[in-house]
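> Its first residue numbered 684, the sequence shown is counted upward by one per residue in the working numbering.
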Amino acid sequence: MSEAAPQLQPADFVVVANRLPVDRTTDTGGAVAWRTSPGGLVTALEPVMQERHGAWVGWPGAPDEALDPFDYDGYHLVPVPLSGQEIEDYYEGFSNGTLWPLYHDVVAKPEYHREWWDAYHAVNERFAEATMRVAGPGATVWVQDYQLQLVPQMLRRRRPDLRIGFFLHIPFPPIELFQQLPWRRQIIEGLLGADIIGFQTPGGAQNFTRITRQRLKLETHREMITLPSGRSARAKAYPISIDAKGFETLAQSRPVQDRARELRHELGDPEVLFLGVDRLDYTKGIYHRLRAYGELVAERVIDPRKAAFLQVATPSRERVEEYKRLRDDVNMLVGRINGDLGDLRRPAITYLHASFPRAELAAMYTAADVCVVTPLRDGMNLVCKEYVACRSGTDGALVLSEFAGAAGELRQAYMINPYDINSMKHGMTLAMNDTVQNKRRRMRALRRQVFTHDIEAWATSFLDDLAAVPATTAGVPRPGVGAPASRTGAQA
Ligand code: ADP
Ligand code: G6P
């Protein structure tokens, strides 16, 4: 990484996300380092930015970091600072204590606090300000995810010349749940500031259109929503993906192949290796999955002398109560299963609470016979696509929850209902025991889907749609078409 001049270059293409693609960390000795930020949003958008350059506006991941913009990996990073209190109220509070559980089918109970909302509003304003300063005339701005849902409208008010897209990486909930939110109207109006509002699945897009009809009494026709100003916004599904070729190439490299063999050896050369890879999040169904595996071992359907389960979990949102609880619960469950069922040479489950470099993950995907992906609800889930991309020998088996957005595309996976422990046990057993021929047939179909719908296809389809939005909206011409004028946002 090169830290360069603090000059703000006007950019034609700007991504705005809560996090920068890298986090700034300081160790106890005061040494500063940068490391890849956690989660699927960064995995997906990094290759998009490497291809298109431009600027990325986001938080550097630590409190009170007032950093100058700098260049990174061929694009420009524009850090937005957050104070310790804002991290508590905007990030851990409203984003991850209110919106995250509400949008994931209330699998944990969302909390509603007015001071969290105030912080969310204030921080969204700050992101809109920072974006406004970096976006060149008529630029394309792509706002990402649930932490920044007010930014589209805030930006449009300030900069009517911009072309604004928004993409929600997590599910958009059914109206019956969304209505709980005391600030539901502000959120919808915030999103409607965008020309295109992208969702992971058609269901999410439909939920959103329905709520604009029912709550704001707006007219909708299929994907199009007409605002009182006369402008239209489009709500459409764009299922996100990965750099499939990049993962495949990495997995085929000699060091990764060697490491995959070594990993199997370190795990005791099992006949069958199961793998789970997740952020440690209660939506991922990690607890349910390990319980199901524990039962299979207890019932001797799986022999722990012949099989191994490797579960890796990136630490995540560790100061939020529900995440602390999950961490303890998983620790206890793994301890109990291993205490009851493992033996001296091999634990039933090998659990690593840590983050790994991409090459190490590729080695795990290459080594694993069965990848187990069991979210209770997930916008998309990229881990399952990464596993498939790494299986160039067309062997391996994917067990996948029907509640992952990816289930709509990866239909040849061994599909399970994570709320039904028997369904999970059945899926894992079938994936383990199915014939080689069946596994190959399924994996070939999965790979076709992942390679023909990769991250480049995703970005291109969204950005092509955005580029096709008429340059003049709501009667206000964009620069180059006529004089720009000030305009209020999507007041509905
Ligand atoms: P989410 O975005 O909710 O975390 P996804 O499955 O969409 O879920 O994306 C998770 C991303 O994080 C993937 O790119 C995956 O490779 C990465 N990841 C998950 N677990 C780890 C880990 N233990 N170490 C490093 N990266 C991880
Ligand atoms: C998911 C969210 C992202 C988020 C990531 C990691 O992928 O959709 O917006 O960045 O998880 O979570 P964190 O809270 O660490 O940013």
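Ideal Cβ placement from N, Cα and C applies to all residues, glycine included.
(1) Are Leu-963 and Ser-999 touching if we call contact CB-CB under 8 angstroms?
(2) Does the count of Cβ pairs from the stretch 947-957 and the stretch 997-1016 closer than 8 angstroms reach three?
(3) Would you tell me roughly how many angstroms separate the C-alpha atoms of Arg-839 and Ser-1106, rounded to the nearest one?
(4) Kindly identify the DSSP beta-bridge partner or partners of Lys-919.
(5) With DSSP collapsed to three states, give me the class of Tyr-1097.
(6) Label Leu-1065 either buried or exposed according to how many other C-beta atoms from any shown protein chain fall within 10 Å of its C-beta, with 16 as the threshold for buried.
(7) Taking the alpha carbon of Arg-988 as the point to measure from, which residue in Arg-1029, Gly-977, Gly-968 and Tyr-970 has its own alpha carbon closest?
(8) Could you give the first and the last residue of the continuous beta strand (DSSP E) run that contains Thr-903?
(9) Looking only at DSSP bridge pairs, what is Thr-781 linked to?
(10) So, at 6 angstroms on beta carbons, what are the nonlocal neighbours of Asp-788 in its own chain, with the 5 sequence-adjacent residues on each side left out?
(11) Who are the near neighbours of Val-763 in its chain, counting only those whose CB is closer than 7 angstroms to its CB and skipping five residues on each side?
(12) Assign Gly-819 to one of three DSSP states: helix, strand, or coil.
(13) Confirm, please, whether the CB-CB distance from Arg-898 to Ile-871 is below 8 angstroms.
(14) What's the gap between the Cα of Ala-918 and the Cα of Tyr-970?
(15) Can you tell me where the alpha helix (DSSP H) holding Arg-944 begins and where it ends?
(16) Tell me whether the beta-carbon of Pro-856 lies closer than 8 angstroms to the beta-carbon of Tyr-786.
(17) Take Gly-1172 and list the residues in its own chain whose beta-carbon comes closer than 6 angstroms to its own, dropping the five residues that flank it on each side.
(18) What residue ranges within the stretch 685-765 form continuous alpha helix (DSSP H) runs of no fewer than 4 residues, ordered along the chain?
(19) Report the partner residues of Val-1053 according to the DSSP bridge assignment.
(20) Can you tell me the Cβ-Cβ gap for Ser-1084 and Ile-1099, rounded? I've got them flagged as a contact below 8 angstroms.
(21) Please confirm whether Ala-943 and Ala-1046 have their CB atoms less than 8 angstroms apart.
(22) Going by C-alpha distance, which of Thr-1057, Cys-1073 and Arg-1074 is nearest Ala-1090?
(23) Is Gly-887 near the ligand G6P - that is, is its Cβ less than 7 angstroms away from at least one heavy atom of it?
(24) I'd like the list of long-range same chain contacts for Leu-678, defined as Cβ closer than 6 angstroms, with 5 residues on each side in sequence excluded.
(25) Please classify Asp-828 as buried or exposed, where buried requires at least 16 neighbouring CB atoms within 10 angstroms.
(26) Would you say Thr-892 and Thr-903 are within 8 angstroms of each other, going by their C-beta atoms?
(27) Looking at the unbroken alpha helix (DSSP H) that takes in Gln-869, where does it start and where does it end?
(28) Are the beta-carbon atoms belonging to Ala-1031 and Pro-938 less than 8 angstroms from one another?
(29) With burial defined as no fewer than 16 other Cβ atoms inside 10 Å of the residue's Cβ, what is the status of Leu-864: buried or exposed?
(30) Ignore the nearest five residues each way along the sequence and tell me which others in Gly-723's own chain have a CB closer than 6 angstroms to its CB.
(31) Rounded C-beta distance between Tyr-1097 and Leu-1113? I'm assuming under 8 angstroms.
Looking at the atomic coordinates:
(1) Taking the sequence shown and counting its residues from 1, the one referred to as residue 963 is at position 280. Taking the sequence shown and counting its residues from 1, the one referred to as residue 999 is at position 316. Leu-963 places its beta carbon less than 8 angstroms from that of Ser-999.
(2) Contact between the stretch 947-957 and the stretch 997-1016 is absent, because fewer than three Cβ pairs lie under 8 angstroms.
(3) Stepping through the sequence shown from its first residue, residue 839 is reached at position 156. Stepping through the sequence shown from its first residue, residue 1106 is reached at position 423. Computed Cα separation, rounded: 47 angstroms.
(4) For the purposes of this step, residue 919 is identified with residue 236 of the sequence shown, where counting begins at 1. DSSP lists Gly-881 as the beta-bridge partner residues of Lys-919.
(5) Counted from its first residue, the sequence shown places residue 1097 at position 414. DSSP places Tyr-1097 in strand when its eight states are reduced to three.
(6) For the purposes of this step, residue 1065 is taken as residue 382 along the sequence shown, with counting starting at 1. Counting Cβ neighbours within 10 Å, Leu-1065 comes out buried, since at least 16 surround it.
(7) Counted from its first residue, the sequence shown places residue 988 at position 305. With distances taken between Cα atoms, Arg-988 lies closest to Arg-1029.
(8) Taking the sequence shown and counting its residues from 1, the one referred to as residue 903 is at position 220. Following the DSSP letters along the chain, one finds Thr-903 inside the beta strand (DSSP E) bounded by residues 902-904.
(9) In the sequence shown, the residue the question calls residue 781 occupies position 98. In the DSSP assignment, Thr-781 is bridged to no other residue.
(10) As a position in the sequence shown, residue 788 is number 105, starting the count at 1. Cβ within range, chain order: Arg-1060.
(11) Counted from its first residue, the sequence shown places residue 763 at position 80. Excluding positions up to five away in sequence, the list reads Val-740, Gly-741, Trp-742, Arg-809, Phe-810 and Ala-813.
(12) Residue 819 sits at position 136 when you count from the first residue of the sequence shown. Residue state, collapsed to three classes: strand.
(13) Position 188 of the sequence shown, counting from 1, holds the residue named residue 871. Position 215 of the sequence shown, counting from 1, holds the residue named residue 898. If you check the CB distance, Ile-871 and Arg-898 come in under 8 angstroms.
(14) Mapped onto the sequence shown, residue 918 falls at position 235. Mapped onto the sequence shown, residue 970 falls at position 287. Rounded to the nearest angstrom, the two C-alpha atoms are 34 angstroms apart.
(15) What you label residue 944 is simply residue 261 of the sequence shown in a count that begins at 1. That run of the alpha helix (DSSP H) goes 937-949.
(16) The count along the sequence shown starts at 1 and reaches residue 856 at position 173. The count along the sequence shown starts at 1 and reaches residue 786 at position 103. In contact: Pro-856 and Tyr-786 (Cβ atoms closer than 8 angstroms).
(17) As a first step, residue 1172 is located in the sequence shown; it is residue number 489 there, counting from the start. Bear in mind that a pLDDT of 33 at Gly-1172, under 50, signals an unreliable position, so the number given afterwards is only what the model happens to contain. Only residues of its own chain outside the window of five on either side were considered, and among them Gln-836, Arg-839, Arg-840 and Gly-876 have a CB closer than 6 angstroms to the CB of Gly-1172, listed in chain order.
(18) As far as the stretch 685-765 is concerned, its whole alpha helix (DSSP H) runs of at least 4 residues are 723-735.
(19) Position 370 of the sequence shown, counted from the first residue, corresponds to residue 1053. Partner(s): Phe-957 and Ala-1080.
(20) Here residue 1084 refers to the residue found at position 401 when the sequence shown is read from its first residue. Here residue 1099 refers to the residue found at position 416 when the sequence shown is read from its first residue. At roughly 6 angstroms, the Cβ-Cβ gap stays under 8 angstroms, so Ser-1084 and Ile-1099 are in contact.
(21) To locate residue 943, count along the sequence shown from 1; it is residue 260. To locate residue 1046, count along the sequence shown from 1; it is residue 363. Contact check for Ala-943 against Ala-1046 passes: the beta carbons are separated by less than 8 angstroms.
(22) Within the sequence shown, numbered from 1, the residue matching residue 1090 stands at position 407. Closest by C-alpha distance to Ala-1090, out of Thr-1057, Cys-1073 and Arg-1074, is Thr-1057.
(23) For the purposes of this step, residue 887 is taken as the residue at position 204 of the sequence shown. Short note on Gly-887: C-beta not closer than 7 angstroms to any heavy atom of the ligand G6P.
(24) Nothing in the structure corresponds to residue 678, since the chain is present only between 684 and 1175.
(25) For the purposes of this step, residue 828 is taken as residue 145 along the sequence shown, with counting starting at 1. With 16 or more other Cβ atoms within 10 Å, it is buried.
(26) The count along the sequence shown starts at 1 and reaches residue 892 at position 209. The count along the sequence shown starts at 1 and reaches residue 903 at position 220. In contact: Thr-892 and Thr-903 (Cβ atoms closer than 8 angstroms).
(27) Here residue 869 is taken as the residue at index 186 of the sequence shown, counted from 1. Per DSSP, Gln-869 is one residue of the alpha helix (DSSP H) stretching across 867-874.
(28) In the sequence shown, the residue the question calls residue 1031 occupies position 348. In the sequence shown, the residue the question calls residue 938 occupies position 255. One thing to note: Ala-1031 has its Cβ no nearer than 8 angstroms to the Cβ of Pro-938.
(29) Against the sequence shown, residue 864 aligns to sequence position 181. Buried, since its Cβ has 16 or more Cβ neighbours within 10 Å.
(30) Locating residue 723 in the sequence shown gives position 40, where the first residue counts as 1. Closer than 6 angstroms at the Cβ level, and outside the excluded window around Gly-723, lie Leu-1065.
(31) Here residue 1097 refers to the residue found at position 414 when the sequence shown is read from its first residue. Here residue 1113 refers to the residue found at position 430 when the sequence shown is read from its first residue. About 6 angstroms separates the two Cβ atoms, so the contact holds.
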